[in-house]
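Down below is the structure, laid out as structure tokens.
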Amino acid sequence: MNTEWQKQLARQEILHCLNEYCWGYDSNDMTLLGGVLTDNAKSGGVVSNSNASWGPWIGKSTVVQALSEIRNSQPDRRRHVVDTYIFDELSEHTATARVYVTIFSYGNGQSPHLVATGEYSLDAVKTPDGWLFERLEEVLDCPF
1 MNTEWQKQLA RQEILHCLNE YCWGYDSNDM TLLGGVLTDN AKSGGVVSNS
51 NASWGPWIGK STVVQALSEI RNSQPDRRRH VVDTYIFDEL SEHTATARVY
101 VTIFSYGNGQ SPHLVATGEY SLDAVKTPDG WLFERLEEVL DCPF
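In full-length UniProt numbering, the protein residues as written are 1 to 144.
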């Protein structure tokens with residue numbers, strides 16, 4: 001990338017995709033969530049210090065279907081909050097980043113409360129349609 005301005009714009013576009021992913025999951029809008037994935041996207045996750053994991057899933061439709069099934073099995077509502085990002089690589093066409101995630105829950109007669117913290121790691125590519133995720137994986141700090 002030629003200028004710091006271009007790099008900052010790319011970072012913001014990629015973070016916007018992550019926000020769409022989170023909003024899509026939280027609101028059960030799988031069209032929004034799927035709109036930030038490449039056709040061959042890979043996703044999954046683990047819980048640190050446990051045997052708990054999900055995925056890996058490969059292919060946008062597989063990822064979206066699996067996340068939809070998980071979301072539909074949760075009787076509460078989730079709120080994913082992403083912050084404190086760092087880009088390990090950023091070029092004109094590719095990016096690799098890590099981002100903290102904090103997950104809150106509410107519903108079922110409960111007040112909003114923290115259910116998990118962790119981080120996303122991602123690989124993004126610039127396409128004619130904008131930035132999309134080739135890989136989005138999650139590591140949670142503890143089970144919930």
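Quick reminder that beta carbons are idealized off the backbone N, C-alpha and C, glycines included.
Model, not experiment: these values are computed from the prediction.
Going by DSSP, G45 is part of the beta strand (DSSP E) stretching over 37 to 47. A direct Cα-to-Cα measurement between T96 and W5 gives close to 18 Å. Inclusion of W57 and S43 in the CB contact set at 8 Å is warranted, their separation being smaller than that value. Under the three-state reduction of DSSP, Q6 is assigned to helix. Assignment of H93 by DSSP, reduced to helix, strand and coil, places it in the coil class. The Cβ-Cβ distance between N28 and R71 falls below 8 Å. Excluding residues up to 5 positions away in sequence, R79, F104, S105, Y106 lie with their Cβ nearer than 8 Å to the Cβ of P112 in the same chain.
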